[in-house]
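The structure appears right after this line, and notes come after that.
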Amino acid sequence: GEDIRVFRNDKITIPEIEKLKPDRIVISPGPCTPNEAGISIKVVQHFSGKIPMLGVCLGHQSIGAAFGGEIINAPRLMHGKTSMIHHDGKTIFSGLPDPFEATRYHSLIIKKETLADCFEITAWTDTDEIMGIRHREFVVEGVQFHPESILTKAGHDLLRNFLNLGDRK
């Protein structure tokens, strides 16, 4: 078991997070855009390269935005729908079926052409929408879909993989 603590992105500060000395940071889903998501973008900018980080949905978009990516309206709304997710089989996707079915709840995506060069695309849909990104140097990964959803077949394994990633910051 892990010691998990949950904080609203507008009810905690960077110094308070530093005092907690977390082993990992997960930036979770939520409503709105990354620019309206409390300190999410600042957390990514401050802790990248210091603490392994996973962004889910809004957290994934916040990672993209923190490194200069443009967040745009998705071609179609995906609220409570599933898609087949293809992936590179590395790090958080290690040992997962390819493809696997995952649940999506979002209306925004990272515009592919604006994704920073320090990221690689790690997961995608049949229609080539970005579903996963990984920083090339730091342990910073994002997924657009919801691994925590009961409808995401490999979600718990993905989350376990994140917890078991080495401490390559």
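First residue of the sequence shown? That's 311 in our numbering, and the numbers climb one at a time after it.
The beta carbon of each residue, even a glycine, is placed where N, CA and C say it ideally should be.
Bear in mind that the values here come from a model prediction, so they are computed numbers and not experimental data.
For residue i, the first and last residue of its enclosing alpha helix (DSSP H)
{"i": "Lys352", "result": "350-357"}
{"i": "Ile324", "result": "324-330"}
{"i": "Ala376", "result": "368-376"}
Nearest to residue i (by Cα), restricted to the options the options
{"i": "Val366", "options": "Thr323, Asp408, Leu475, Thr413", "result": "Thr413"}
{"i": "Lys363", "options": "Pro339, Asp333, Ile322", "result": "Per the sequence shown, the amino acid found at residue 363 is Met instead of Lys. Here the closest residue by C-alpha is Asp333."}
{"i": "Glu380", "options": "Ile349, Ser358, Glu411, Leu418", "result": "Leu418"}
{"i": "His396", "options": "Gln371, Ile314, Leu469, Gln454", "result": "Gln454"}
{"i": "Phe357", "options": "Glu346, Ile373, Leu368", "result": "Ile373"}
{"i": "Pro341", "options": "Met441, Pro325, Leu368", "result": "Leu368"}
{"i": "Pro407", "options": "Gly348, Asn474, Gln371, Ala433", "result": "Ala433"}
{"i": "Ser338", "options": "Glu411, Lys400, Val354", "result": "Val354"}
{"i": "Leu469", "options": "Gly399, Val336, Asp313, Thr323", "result": "Val336"}
{"i": "Thr392", "options": "Lys321, Glu447, Thr435, Thr401", "result": "Thr435"}
{"i": "Met394", "options": "Pro409, Thr401, Ser404, Lys329", "result": "Pro409"}
{"i": "Cys428", "options": "Asn319, Glu439, Val449", "result": "Val449"}
{"i": "Leu387", "options": "Tyr415, Ile460, Arg318", "result": "Tyr415"}
{"i": "Asn471", "options": "Glu447, Gly405, Glu430", "result": "Gly405"}
{"i": "Glu346", "options": "Gln371, Glu328, Lys463", "result": "Gln371"}
{"i": "Gly359", "options": "His445, Ile431, Thr462, Ile324", "result": "His445"}
Residue burial classification, residue i (beta-carbon count within 10 angstroms, cutoff 16)
{"i": "His456", "result": "buried"}
{"i": "Thr343", "result": "exposed"}
{"i": "Arg315", "result": "exposed"}
{"i": "Gly452", "result": "buried"}
{"i": "His389", "result": "exposed"}
{"i": "Gly442", "result": "buried"}
{"i": "His466", "result": "exposed"}
{"i": "Asn383", "result": "exposed"}
{"i": "Gly348", "result": "buried"}
Bridge partner(s) assigned by DSSP for residue i
{"i": "Asn383", "result": "Leu418"}
{"i": "Leu473", "result": "Leu473 is not bridged to any residue."}
{"i": "Ala412", "result": "Ser393"}
{"i": "Gly365", "result": "Ile337, Gly452"}
Element boundaries [beta strand (DSSP E), containing residue i]
{"i": "Glu423", "result": "That residue, Glu423, is in no beta strand (DSSP E); it is neither H nor E in DSSP."}
{"i": "Thr503", "result": "With the chain covering 311 to 479 only, the question about residue 503 has no answer from this structure."}
{"i": "Ile337", "result": "335-337"}
task = Note down, one range per segment and in chain order, each alpha helix (DSSP H) of at least 4 residues found wholly within the segment 441-465.
result = The qualifying runs do not exist here; there are none.
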